[in-house]
Every structure is written in structure tokens, then in C-alpha cells.
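Chains as they are written, first to last, in the numbering used here: chain W, 28 to 487; chain U, 28 to 487; chain H, 28 to 487.
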């Protein structure tokens, strides 16, 4: 408990510094902003509606995760997905936003906007905050799937707050907040339109660290190392979750123009949809050829893989390229899921494969398929051009560096976070008894489905 | 049956009077409206999209209620939540809208716009109607949770129509339609930005009347008066419902500017999100300290409590104040749920605590935290200023009066409605046999989950 | 397999022809489009958001279908609803869009825009594509319900691709793409505002062909021809689906103005909502009088019937007419469901009755209730006026012709498609063993609910 207090103390100091640096001159009513920019209302509507759609991805993730896991942990899984958004909102309000989108300090971190107070009490700052917070929470919630069914609830609460407060915002600052990766002297600097790397790969690789730190669920691999599938308790629930995510992604990607005056939003929406479809189709066919069944679970993950992969390039490619990117993503996710199982890394919902691997693929694909017709909204650079369109390897190099840094940062910070959690909470994993009985009973004193008779064969 | 006819007769008379009063000069195509206000399209898009989001709260309420109740009543609960929107839409079309938003008559009721006919066949009137109808239906559906698992279906149909046709619109007129509460000579008159009082407290306290009139469900309190928890049959369903409501609230609150040219919408969205998060966190911690578990049910209700509370003040406070309002709401909802159980008032989903108590808290909080930077859209008053910002106790007084009137009106009209229902339908509660067997069988001749084996221990 | 290749070859030829016809002069960034039309952003936001809402109808259909069918087929049903959108997106990208909305060729088909390439790489073309693709996928997914629980998965994949690639786009071209039905010399030509006929009746009647081609599910009718109801495994899931569809319909109908500058969007939203409510109420009362229960299943279908019926006339009628159209729809759907059962046509979710019959009713109702206040956006005709408003029988005649052509085209093309499928896939229906065991096991090697004990009585 005293350790928590010292962290709060550190937080307090940070805040005071931040407050001291600020003047007070925001536009809290929006009257001045409207006078300066009479076209602002449509941009505000666009960004807000898209933010709401991205927020709605939270239940999408919850449904996917709970559906793909067992009934005995369903309360715990919903709780985790609720609380990462709750904790994420509050810490991103306090510090995360300032670190990410505040005034740049030596291209490393942002240093203004703490608690949305002072200068930050401004309609435009609040607007950007609501759009950014749902991205931060997405990064945090991705981790959830990889550590499902065995992590202690307070540990989850702790690290998901750290992800939204520190890990995600700092890497985010490097690419979106004017940090050093955006200023790389290759191509137009590293770019990531809506966050294949910043949000998805970051979440996916922190999830990988978590899955490795926790070890596999009891019973996932038998004595001889063979995989014994643990199947989800409610597949239609998981399918619903994927539909919800697909829907929410129409806020995630097109909304990232941060302006409705960029009519390119229609192209982004089309690319998003086509990559998802292509990813699903590729995974469906791959699994049919490989396993012989029309596998719904992998087809759903294929759709998500396509969505993750197209998130970085969506604004800079033509429709056919989105299809190609999605097709490759659908195959990558299958290969990755099969490989992780061979390595005995137990990722219950495929979060590492969907978000980690395909997040990286998305970042790289920009360096290949960007067709040079559209600029980079953030840096105001006129064109992003990839290898296949005569842009040379420059942009690709910037993308590769950014991808490498993303993975390294996720591993480093993830490792530190789980080490700290281990020390503070006396271990990060629930007891074997609790795991067998279900976390719903152990952590939450409940039963998700008390009116139904539950089958025993999947309980252990 | 003849009683129903006499009510229809009364309705007919009302309509004829209304029609007689009207001239015919609306703008049904919108061409003239557009000419007068070329900026209208963005406002129409904003209001419509927000209205759609609020409509989507209907399944949110349905999921919460069904998830927190038993499998044997699941059809009944979905039916109720469907039909209050159905009946609400039709009666609000016929009379509710006119009473609430029609031309003011002595600050008591509105008297034009019946059946959206005549002058009311106008793009702007239709626009306001679609936004208002989803609020009316929300008020009606809130009641549903408090009377769940024991009310006769036709009684439900009757009183939910009365709520949307009469009870809600008249109080709504007093605050939003230019009625006497909005003209109180304290502060800027009573205000309620998006309806903490008008929608939520109204629904919550009618629900309290209903829960008291019906009495507790069989088995909820044992012979010695001890609470025997009746747990919900599908907790992930309830959690999904809360996520859906949170999402829909982004239409409820920011949409209540009724204009996208009020860029303050971004501040409102942020406040809405932060209050929800703070409410959830407060309830989580409160229950952990009080009961020892990480309680999902109360955490979900904490999030809703934060949302309800911030609904009145969302446009007039800074982000940190939204957090404080939400934290208090999260604690209030826990205290209220525990207290109602001590009083043996059986509110199956906590509707009274979430919407009633926190609706009132929201109305009052305006008088404390309104920071004086933003005006009141409805009355065009320049500032709403609460006690903590040097506004004195004037605004607080107006808010307290409005809160008191809300509670009194809900009790009076709720009591009359349930008395009438008792007389008309020969009692308002199903038989003990039907209650034990489940309302799905008794009222609807069905079974929500025929393919699953149902546990017996919660049946009685 | 070689047959598939020959189809691909044909496709390839078609593409080459298409590409050869095109010049390259689109506006892929939107900069020029914005310059020419500074009011475009609000239209883009409106159309995109509405498209997203319509896309969200996909999970709505999935939930309704899965909820109303049995647990043993739940994976299959979610898979079908996922894959029709996946396949639909890809084929509509390749050929469907070009056939429907491309440059008109002798009022029969469109012939430009293949693969969204060349000239079609343009923000406006992409915008219309994303709006149209979700309509195409809706037509395809409607069929799914009628053929549920017995169709081979690859057959489903095949014909749903054909619907989105060919059948739907060609009839769509005739009404919306400048084809011959829109040029009929009666009234303003055949009109269908948002697709009661084009989308719903088309899907519904192809579904009827499918249901007839497949024959009823084993056990649906006993030896004496009596109906033995097969009830859905999760009624709340179906109810959630209807709420989701109702929500999505607010994109479907108002979005079909394809412009936010048509302020009539508010009237369309109101009419949509009221018809749904009226349909639900009519079905509720009809079933109560006919069967004696408050039937949730039929009430849900009544709401959908109202929505389907109002889809064609929504822009051209006053609110009270929407109520009347909805009331009739709610009764029609009940009568149709009862009649189909008498004919031993097994339509598990009532798709034919909801979408087929009421789609036709919607198309016809335009010729009756259109009040002459509003024009036809597509043809720029100033008024659509029906019989009851002194428009004579001209418009009604155009509507009747269009309805007849819709049914004929659906039957003809549906029949051909299922014949081809039968030949290619060696039959269109799964074996009796697989049907008894459930398609989840047979086609997908899975079990939707492995943690729950399943009741046996509905398995066969």
C-alpha cells in the first residue's frame, strides 16, 4: 500500500510542475474558435462521432475475449475490459494526454495539458482528448486478451493504468506528438495513420510480454507438449464482438484525419472495409486447406487482422492495395497463432497474432503500398510514397525503424511493469486452485450464469 | 375494455382541439429552412446522430435489466423494453410532444404539435421530435428495472404509455419547454442540461413508486427480514448493456446542445466520459472495502450513476468537477442500494439508486460546480454559476426546488397511475404461481433458452 | 474446381473490358471536390456515418437469425452472416458496384468503376461505394434467414456472392442507377427511396426460392402436415438483434438522401421510427387476439416489417401515414408467416414475410401515400404524389410494375443460382445426419457453447 502512495506522490509532483508551466488562455466555450474557423462544427461532429465509435470498440473487445474464454471467468473478463477503460480514462486525463500530445520537450515527451486544466480547458483540447483517450484505452485493452484467465485482478488494474498513463503515450508522442520518430530523415519520417503500430502492435507486444511472464493456462499444453485446445464458451458472443469492432473501426481509421474537410475519409472507410473482408477470406481459406474445417474463430481473427494491418496505411493506399494488405494479414494471423502454440506461449484470444504481428505488418506496408497521392495530415508533408510506387526504400526504412522501436519499447516497458507488479502484489498470477475454480468466484465472488447448468469437462 | 375506449375518446377530443388551434405553415421539405440558415445541415446531422445514439440506449437498458434478472423472465424483460419504446413513440407522437414542446400555455403545458400534423409538419419540428422521443422513452424504460419480474404485462404497457404521454412531458415542459421552473427567480432559473432530473430522476422515482406498490419479489427477503440475493442470469449481458448505455450517453449529453455550432460539445463529451469512469472506480473501491470482492454489478451501476449525475451539469463544469461528481455518484449508488434493501424495497436492477438518487444529485450538483464559463442554451442566459464559483446559493436554490418538484410529481403521478392500473386491470402483480414459474411462460407462452438445461436453485 | 476457374476467367475478361473503357481523372484526395463544393464535408460525414450504421445491421441480422434458430447451428449462422458481408464486399468491389452505379449502358447495366480503379479512384465514387456496399450485403444477408439450419456452407458462400455481384446490382441499376424502371412513363417513374423493393423484397424473394429449393427442416412438419414449432435457442439475442436493426435503419433510410443538405432527413427519421413502432404494436395485438399470448417473436418481426415497409415511402409521406403503413405491415407479417406454414414453406426466421411481402407493400405504398411535398432526389423530379393525394393511379402503376419486376427477377435469378449451385456442389442441402447433429459440428468442427449443458429435446 505504501508503494502506491509513493507513486501518487510522484504523480503529484508531476502535476504541480505541469500546472506551474501553464498560462490560462483556452477557449472553453468555443465561441472564439468558431469565429476563427466557421467550418469547425463539421469537424467537431466528425471527430466526436468517430471517437464514440472507437469507444464502442471497448465492448467489442470484451465480447471477443469473454466469448473465446471459459464461462467460469466471464465476470472477470468483462470486469477487466470495463476497468481498463475506466482506469485508462482517469490516468490519461491526469497525465497520459499531457505526455503524449502536450507541448513537445526535446522530441521525447509532451509536457502540458495535465488534468485538462488551465490552458487545456479549451474546446479543441477537449476534442482531441476524447479522440485520443479511446485510442489509449484500446492499446490497454488489447493486452487483456493475452493475459486472460490467469492474471490477478489488481495486477491487471495496475498495468493497464501504466499502459494508458505512460507506455502508450510516450511512444505515441514519438510518432504523433512531434517526437523523434516523426522527424526521422527518411521519407517523410515514420508515419502511422491511425495506429497499427502505436495502438495495436504496442498492445499486442505488451500482451506477449504478459503472456510470457504469466506462463500458459493450466491444461493448455499436456505433458508431451501437445496443444489441448481450450475453446471459448460462447462463440456467437465472440462473433458479435468482431462485428462491433469492425463497426468501431470506421471511427478509428477515417476519424484519424481529425478533419471532415479531408474528403479522403471516404477512401479510408473503403480501404478499412476491404482489408477486413480480405483478411477474413484469407483466413477462412487458409484454415480450410490446412485443417479442413470452415473455422469461425480464425476467420474472425482474420477480419481483425485485416483491420489492424490497414490501420497504418489506410489513408495512403488504393482499394486494391487494401485488399492485398488484408489478404496477407489473414494468412499472417493464422501462421502466428500456430507458431505461438508451438512455442507454448498461451495467448487465449490471439491478441499477439492479431494486434502485434499485424500491427507491425501494417506499419511496414505503408513503406510498400503508399501511392503518393495523399499527404500526411499530421506532418503536413505532401506525399507518402512507398517502394512499389517509386518512392524508393526511404519510407520503408523509416517504417522499419518505427516498428523496431515499437517492439523494443513494448518489451522493455512491459517487462519493467510486470516486474514491478510482481514485487508490489506478491506475484501476478492467481493460485492454481483459483484458476481451476474460475476467477469469477475467486476475485469477484460471483457466477456469470447462475441459472444455467454448466458442463464440467472444460472446467480444469 | 370500455375504460380503454373512454380514454381513447378523451384523446380524440384533445386532438380535435389541438388540430383546430393550428394553422398550416411548416416547412416539410426543409428548402426554406436551409435558405434561412445555410449552416443548418451540420446541426441536423449532429442532432440526428445523437438521437440515434440515444435510441440505442433502449437495448442497453434491456440488456442490463435482463442480464441482472432471471432466465425465466428474459422474454418478458425484453418485451417490456421493446414495448415501452413502441408505446412511447406512438403516444409521444400523438400527445406527449405537444404537451412538452408545443406552444406554452400559462407556463404549465404545451398545446400544439399534436400528431406532428399541420404546422408541425416541418423539418425542424420533426427534428426536435426524434430527439425528444428517445428521451421520453428513456424515462419510461428506467421504471422497467424497478418493477421487473412481477408486474403484469398489460399494466406495464399502460403505465409506460402514461409516462411518455403525460407524466414526463409535463414536468419536461416546466424545465425545457418554457414552463414555470425555468422561470424561477433564482440564478438563471432551474436548469438541467440533458435531463438528470427530467429523464432519470423522474424515471427512477416513478420506479420507486412501482417497486413499493408491487412489493418485493417472492424470496427476496426471508422470514427474519434478511436479504437473500437474487442474482442475474447473465452477467456479461448486463455488462454489455452498460457499455451500450455509456456509448449512447455520448448522444444524450453532447447532443443536448441541439446545435453543432456550440463547440462546447467536446467539453460535454469529455465530462460525460470522466464522470462514468469516476463513478465506476468509486463503486469498485467502495465495495472492495465494504464487502471484500471486486464487485462487477455495483461497478457497472457506479458507471451508470456517474453518467446519470453528470447529465445535468455536463455543459457547465470543468473536467475535474465531472470527476468529483462521478466519484460521489459512485458512492451514492452503493449506499442507496444497501439502504433500499434495508427498507425491503426490492429494486431488481438498482434503477432507483442509479437514476433516482443520482438524478437528484446531478440536478443539485449544477448549483455547486457550474463554473460560469458557459450559458444555458435553452434560456440564452449567459452564465450558469454555482456556489463554488462565487455564484452564491441562488442557482442552488433553483436546483433544489426543481429537484423537489421532480420527486413530488413522480410520486403523485406514479401513485395515481398505479392506482388506476390496479382498478382497470384487477391488480398490478402476476399471481404467485406465475411469478414462481416465470413470466415468460405465463405472459408470453415461451421459454427464452429452450436448448439449455436450466438450474433449479434460483427458480423459486 | 475447374468450373470456378472458368468463372474467374469470365470475370477477368469483364475487368479488362472495363479497364480499357476508363480514363484516369478521379480526385483521390478530395481537394478538388472540396474546392468545387465547399459544403461537401457535412454530406460526406452524413453519408459515411449512415453507411456505418447500415453496416452495423449485419450483426443485427446475425443475432436475429442465430437467436431464432437452434444452439447446434449457432456457429454456422454467425459464419454465414459474417461471410456474406465478406464475400459481398469483395465482389461488389470487383464487379457489383460497376454493374449497378457505373455509367449506364442502354438503361440495362452500368459499365464503369470496376475494382474502384482508374477514374473510380475518387473520393466521391468511394463514398457512394461504401454506402452502396452495405445495402448490397443487406440484400444478401436477408436470404440467410430463409435457408438457415440446412444449407451447405459453400453453397451459401457461392450464392451470396452472386447476389451481391449480379442479381442485386442489376435490378438496383434499373431503379437507382438510371435504368429503365426509373424511366417508366408513369408518375415520376418507379421510385424506391431506400430500397423496400431493391434491397428487402429482392432478398426476401430470393430467400423464398431458397427455402422452396431446400425444403423444410426435418421435424418442422409432422406426418399429417401439422406444424411443429422449432423455437429459437436464445430469444433475448434475437430481440437484441431487432434493436440493432432498428438502430441501423436510421442510417438506411435517412442516409439515402445522400446529402445532409436535404433537411428532409429529419422527417425520414421520424417516419422510420413510427412505422417500426406501429408494426410492432399491430403484430402484438394481432397475435394476442389470434393466439392469446403476448408473442415476442412476432412483435419483433412486426417492428422489422414496419421498418421494411416504410423504407420505400419514408421520404415522401407524413408521420401519420408512416404509422398507417407500419400498422398494415405488422398485420401482413403475421398473416404471411401463418400462410407460409400452411404451404409447408419453412422460413426459420420469417425473412420472406418480413422482407419479401413487406418490401412489396412498401413499394406499393408510395403510390398511395406519397403526399406531393417532396421530390425524388435521384431523378430530381419535383414531386412524388400518390393516389390518396390526388396523384391519380399513375405513380401506383409505376410502383406495381417495379414490384412485379422485382419478384420476377428474384425468382428467375434465384432459381438459376440455386440450380447452378446444385450442379457445382453436388446438392445444396447438408445430409440428414449432419442436420440432426447440427451444422456447427459438420461444417465447422465446433460447438458454440461447450461450457453449457444442452437440452436434448430440440436436437432432432
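Each residue gets a CB set at the ideal place from its N, CA and C atoms; glycine is no exception.
Can you tell me which of the three DSSP states residue 217(H) falls into? coil
Among 368(U), 318(U), 317(U) and 376(U), the one whose alpha carbon lies nearest that of residue 332(U): 376(U)
As assigned by DSSP and simplified to three states, the class of residue 456(H): strand
Counting only C-beta atoms, is residue 116(W) closer than 7 Å to chain U at any point? yes
Give the residues of chain U in contact with residue 391(W), contact being defined as C-beta atoms less than 9 Å apart. Those within 9 Å of residue 391(W) in chain U number zero; the least Cβ separation is about 33 Å.
For a test of the three-state rule: what should DSSP assign to residue 210(W), helix, strand or coil? helix
For residue 282(W), the three-state DSSP class (helix, strand or coil): helix
Measure the CB-CB distance between residue 131(W) and residue 205(W) and report whether it falls below 7 Å. yes
My parser needs the alpha helix (DSSP H) runs of 4 or more residues fully inside the segment 126-174 of chain H; what are they? 150-173
With a CB to CB cut of under 8 Å and the five nearest residues on each side skipped, what residues in its chain are close to residue 266(U)? 94, 323 and 327
What's the C-alpha gap between residue 475(W) and residue 100(W)? 8 Å
Neighbour-count burial assignment, residue 1(H), 16 or more Cβ in a 10 Å radius: Absent from the model: residue 1(H). The displayed extent of chain H is 28 to 487, so no value can be given.
How many Å lie between residue 442(U) and residue 198(U) at the Cα? 16 Å
Cα-Cα separation between residue 171(W) and residue 260(W), rounded to whole angstroms: 17 Å
Is the beta carbon of residue 166(U) less than 7 Å from the beta carbon of residue 81(U)? no
Sheet register partners of residue 398(W) (DSSP bridge): 412(W)
Same chain, Cβ closer than 6 Å to residue 90(H), five either side skipped, listed in chain order: 264, 267 and 268
Nearest CA to the CA of residue 271(H): which residue from 335(H), 473(H) and 83(H)? 83(H)
Please confirm whether any heavy atom of the ligand MG lies closer than 6 Å to the CB of residue 395(U). Only the bare structure without any ligand can be found here, which leaves the ligand MG out of the picture.
Three-pair Cβ contact test at 8 Å for the segment 247-256 of chain H versus the segment 367-375 of chain H: yes
Apart from the five residues just before and just after residue 77(W), which ones in its own chain have a Cβ nearer than 6 Å to its Cβ? 278 and 282
Chain W contact residues for residue 111(H), given Cβ-Cβ distances below 8 Å: Ordered by position in chain W, no residue passes the 8 Å Cβ test against residue 111(H), which lies about 11 Å from the chain.
Cα-Cα separation between residue 412(H) and residue 480(H), rounded to whole angstroms: 58 Å
Of all the options 397(U), 187(U), 190(U) and 238(U), which has the alpha carbon lying nearest to the alpha carbon of residue 419(U)? 397(U)
So with CB distances below 9 Å, who are the chain H contacts of residue 151(W)? Neighbours of residue 151(W) on chain H: none; closest Cβ ~17 Å, over 9 Å.
According to DSSP, simplified to helix, strand and coil, what is residue 248(H)? strand
Are residue 337(W) and residue 385(W) close, meaning C-beta to C-beta below 7 Å? no
Using a Cβ-Cβ cut-off of 7 Å, state whether residue 29(U) counts as contacting chain W. Any reading at residue 29(U) needs caution, since the residue's pLDDT is 48, under 50, leaving its predicted position unreliable; the model's value is listed next. Closer than 7 Å: no.
Going along the chain, which unbroken runs of the alpha helix (DSSP H) with 4 or more residues stay wholly within the segment 249-322 of chain U? 262-279 and 292-317
Within 8 Å, do at least three Cβ pairs link the segment 228-245 of chain W to the segment 297-312 of chain W? no
Assumed close pair residue 422(H), residue 213(H) - CB separation to whole angstroms, cut-off 8 Å: 7 Å
Using the beta-carbon count (16 or more within 10 Å), is residue 446(H) buried or exposed? exposed
C-alpha gap between residue 353(H) and residue 286(W), whole angstroms: 39 Å
Rounded straight-line distance, which links the Cα of residue 122(W) to that of residue 193(W): 8 Å
So, under 8 Å CB-CB, residue 162(W) and residue 74(W) are touching, yes? Tell me the CB distance rounded to an integer number of Å. That pair is no contact at about 12 Å.
Please determine, among 66(W), 118(W), 103(W) and 325(W), the residue with the shortest C-alpha to C-alpha distance to residue 102(H). 325(W)
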